[in-house]
Amino acid sequence: MFEAGAIKLLALSLVAERPRYGYELIKFIEGLVGGDYSPSPGVIYPTLTYLVDMGWATVADGDAGRKQYTVTQDGLAQLERQREELTALTERLRGVREGAGARRSPDIERAMGNLKAVLHMRFSPANASPDLARRVAALIDEAALAIQKLEV
Numbered sequence: 027m028f029e030a031g032a033i034k035l036l037a038l039s040l041v042a043e044r045p046r047y048g049y050e051l052i053k054f055i056e057g058l059v060g061g062d063y064s065p066s067p068g069v070i071y072p073t074l075t076y077l078v079d080m081g082w083a084t085v086a087d088g089d090a091g092r093k094q095y096t097v098t099q100d101g102l103a104q105l106e107r108q109r110e111e112l113t114a115l116t117e118r119l120r121g122v123r124e125g126a127g128a129r130r131s132p133d134i135e136r137a138m139g140n141l142k143a144v145l146h147m148r149f150s151p152a153n154a155s156p157d158l159a160r161r162v163a164a165l166i167d168e169a170a171l172a173i174q175k176l177e178v
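Heads up: the sequence shown begins at 27 in the working numbering, then just goes up one per residue.
So this is what it looks like as structure tokens:
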């Protein structure tokens with residue numbers, strides 16, 4: 027989802043918008059990409075530590091002992107230096123979010139549910155056979171190929 031350094035740049039830009047907690051960043055990024063990706067605490071907290079170590083952010087105790095991160099002047103200067111990269115990243119993530127939304131359309135969700143239900147019924151212990159599995163796999167492969175060839 028993110029190339030080298032992109033999550034650091036995104037985290038820095040979000041902290042520059044307003045002070046944030048690590049968990050808040052995780053949830054915001056998840057929403058930003060349409061739910062297809064959620065950075066783990068093992069990614070976010072080392073990233074925030076890096077930003078503090080670089081002098082681009084500060085950390086202070088916030089509510090209930092949670093750590094709150096705030097951008098520094100050096101962090102704002104770093105964002106200015108990487109403005110083009112941030113713009114490109116933001117545009118790419120917007121495309122990812124739009125794609126995620128399309129995949130979650132009610133029609134697609136319904137059709138996927140129908141396929142799953144039919145497969146469960148057809149492959150009950152009484153109906154399962156290697157020949158049936160090959161025929162069903164061929165039909166699914168044909169559908170995948172037809173979907174791939176659809177014009178937008």
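Think of the CB as a built atom: it goes at the ideal place given N, C-alpha and C, for glycine as much as any other residue.
For residue i, is the beta carbon positioned less than 7 Å from some heavy atom of the ligand PLP?
| i | result |
| --- | --- |
| R161 | For the structure depicted, the ligand PLP is absent and the ligand set is empty, with no information on it obtainable. |
Rounded to a whole number of angstroms, what is the C-alpha to C-alpha distance between residue i and residue j?
| i | j | result |
| --- | --- | --- |
| Q108 | P67 | 25 Å |
| V178 | P72 | 41 Å |
| L119 | L58 | 7 Å |
| R148 | A154 | 7 Å |
| W160 | I166 | Per the sequence shown, residue 160 should be read as Arg rather than Trp. The straight-line gap from Cα to Cα measures roughly 10 Å. |
| T98 | I55 | 21 Å |
| E168 | A137 | 16 Å |
To which residues does DSSP link residue i through a beta bridge?
| i | result |
| --- | --- |
| V85 | Y95 |
So, with DSSP's three-state summary, where would you put residue i?
| i | result |
| --- | --- |
| R160 | helix |
| R148 | helix |
| Y189 | Residue 189 lies beyond the stretch modelled for the chain, which goes from 27 to 178, so this question has no answer here. |
| R46 | strand |
| V178 | coil |
| Q108 | coil |
| G121 | helix |
| S155 | coil |
| S131 | coil |
| A32 | helix |
| M80 | coil |
Just to confirm before moving on: does the CB-CB distance between residue i and residue j stay below 8 Å?
| i | j | result |
| --- | --- | --- |
| A103 | Y95 | no |
| I33 | G48 | no |
| D62 | G81 | no |
| G31 | V122 | no |
Can you confirm whether the stretch 98-114 touches the stretch 39-46 when touching is taken to mean that 3 or more C-beta pairs between the two stretches lie within less than 8 Å? yes
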